[in-house]
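Colleague: One structure is given below, represented as structure tokens, and several questions about it will come after.
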Amino acid sequence: MKRRCWCDLQSQLVKTAELNPNKNYILGCHPHGIMSAGAFACFTTESCGFSEVFPGVRASLAILAGLFRIPFFREYIMFAGLCPVSKPSLVHLLSKSGEGNAVVIVIGGAAESLASSPGVNTLVVKHRKGFVRLALEFGADLVPVYSFGENELFRQLIFSEGSLSRRLQDLFKKIMGFAPCLFVGEHLAIMPYRIPVTTVVGSPIPVPKRVTPTEAEVDHYHGLYIEALSKLFHEHKVSCGLSESHKLRII
655 MKRRCWCDLQ
665 SQLVKTAELN
675 PNKNYILGCH
685 PHGIMSAGAF
695 ACFTTESCGF
705 SEVFPGVRAS
715 LAILAGLFRI
725 PFFREYIMFA
735 GLCPVSKPSL
745 VHLLSKSGEG
755 NAVVIVIGGA
765 AESLASSPGV
775 NTLVVKHRKG
785 FVRLALEFGA
795 DLVPVYSFGE
805 NELFRQLIFS
815 EGSLSRRLQD
825 LFKKIMGFAP
835 CLFVGEHLAI
845 MPYRIPVTTV
855 VGSPIPVPKR
865 VTPTEAEVDH
875 YHGLYIEALS
885 KLFHEHKVSC
895 GLSESHKLRI
905 I
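The sequence shown begins at 655 in the numbering used here and counts up by one.
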């Protein structure tokens with residue numbers, strides 16, 4: 655059973671299409687932001703009513719596997735229903751846990767968090783294809799998800815490429831798997847600004863099952879995913895607080 659969470663985050667879940675509880679899905683969530691607050695609120699708690707919006711579908715947010723090695727914190731995130739973003743864990747959810755599973759992966763990861771800034775819509779996904787290959791291996795439909803307002807929750811000090819500070823961030827990310835971000839929120843604290851976060855779940859992209867998908871197949875469905883993600887962003891950006899002039903940058 656999902657835990658109901660009451661928090662200060664003004665989060666909302668928007669459905670654009672049905673998810674069939676007799677299928678499995680991989681939901682690619684964007685952007686990462688500083689803390690992926692929208693993904694956490696919508697997919698690990700019932701504060702947005704996920705089980706009512708998508709009846710029969712169980713969401714599992716996958717996070718950095720190293721976090722499960724931290725004493726006490728491991729128990730906390732397991733209680734919250736999170737799982738490691740590791741191949742064995744994802745394979746289990748997609749093949750041995752029945753149907754109606756929605757594995758949520760924040761595709762951009764640590765690299766994307768370093769680009770998080772108010773008014774910026776930069777996604778690191780152009781060369782990330784592992785989630786597409788996994789979807790093909792198990793015939794899990796791909797679903798693009800965008801959390802509007804995620805990058806507005808905090809103000810981050812962004813270092814220029816090539817600077818000593820940025821090189822240290824990149825080195826830390828390479829060793830530890832996540833990037834140390836210098837940021838502030840409400841009242842110069844770590845609490846997020848009171849900005850609404852609207853998480854829009856797009857339409858499923860049908861994916862066939864291929865035990866050994868070819869590179870051409872992976873590229874094809876990766877292209878379909880990016881196209882659907884871009885369409886989702888532009889169709890909902892104005893209604894979710896952005897202006898018509900806002901652009902999506904995919905790197």
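Cβ coordinates follow ideal geometry from the N, Cα and C atoms, glycine included.
(1) Once DSSP output is grouped into helix, strand and coil, what is the label at residue 755?
(2) Determine the extent of the alpha helix (DSSP H) in which residue 874 is found, giving its start and end residues.
(3) Suppose only complete runs of 3+ residues qualify. What are the beta strand (DSSP E) ranges in the segment 698–746, listed by chain order?
(4) At the level of alpha carbons, what is the spacing between residue 707 and residue 668?
(5) Would you tell me roughly how many angstroms separate the C-alpha atoms of residue 907 and residue 752, rounded to the nearest one?
(6) Quick test of your reading: residue 715 and residue 693, contact by CB under 8 angstroms. State the CB separation rounded to the nearest angstrom.
(7) Cβ of residue 773 within 7 angstroms of Cβ of residue 711?
(8) Would you tell me roughly how many angstroms separate the C-alpha atoms of residue 865 and residue 697, rounded to the nearest one?
(9) Please report the distance separating the alpha-carbon of residue 811 from that of residue 675.
(10) So the alpha helix (DSSP H) residue 786 belongs to, where does it begin and stop?
(11) Would you say the segment 874–883 touches the segment 786–802, given that touching needs at least three Cβ pairs under 8 angstroms?
(12) Count the other CB atoms, across all protein chains shown, that sit within 10 Å of the CB of residue 684; report buried if there are 16 or more and exposed otherwise.
(13) Hey, how far is the Cα of residue 671 from the Cα of residue 867?
(14) Residue 795 and residue 946 - do their beta-carbons sit closer together than 7 angstroms?
(15) Between residue 666 and residue 702, what straight-line distance do the alpha-carbon atoms span, to the nearest angstrom?
(16) Using 8 angstroms as the Cβ pair cut-off and three pairs as the minimum, do the segment 880–891 and the segment 842–856 touch?
(17) From what residue to what residue does the beta strand (DSSP E) around residue 680 run?
(18) Hey, out of 732, 819 and 807, whose CA is closest to residue 686's CA?
(19) Any idea what DSSP makes of residue 669, helix, strand or coil?
(20) Answer with buried or exposed for residue 823, where buried requires no fewer than 16 other C-beta atoms within 10 angstroms of its C-beta.
Modeller: According to the data block:
(1) strand
(2) It spans 869–890 - the alpha helix (DSSP H) in which residue 874 sits, taken as one unbroken run.
(3) Counting whole runs of 3 or more residues, the segment 698–746 contains the beta strand (DSSP E) stretches 712–717.
(4) 8 angstroms
(5) Since the first residue of the chain shown is 655 and the last is 905, residue 907 is not available in this structure.
(6) 6 angstroms
(7) The answer is no: Cβ separation not under 7 angstroms.
(8) 28 angstroms
(9) 42 angstroms
(10) Unbroken alpha helix (DSSP H) run through residue 786: 784–792.
(11) yes
(12) buried
(13) For residue 671 and residue 867, the distance between alpha carbons rounds to 27 angstroms.
(14) Past the edges of the chain, shown from 655 to 905, lies residue 946, and the structure says nothing about it.
(15) 6 angstroms
(16) A contact exists between the segment 880–891 and the segment 842–856.
(17) 679–684
(18) Of 732, 819 and 807, the residue nearest in Cα terms is 807.
(19) Three-state result, residue 669: strand.
(20) For residue 823, the number of other beta carbons within 10 angstroms of its own is at least 16, and it is reported as buried.
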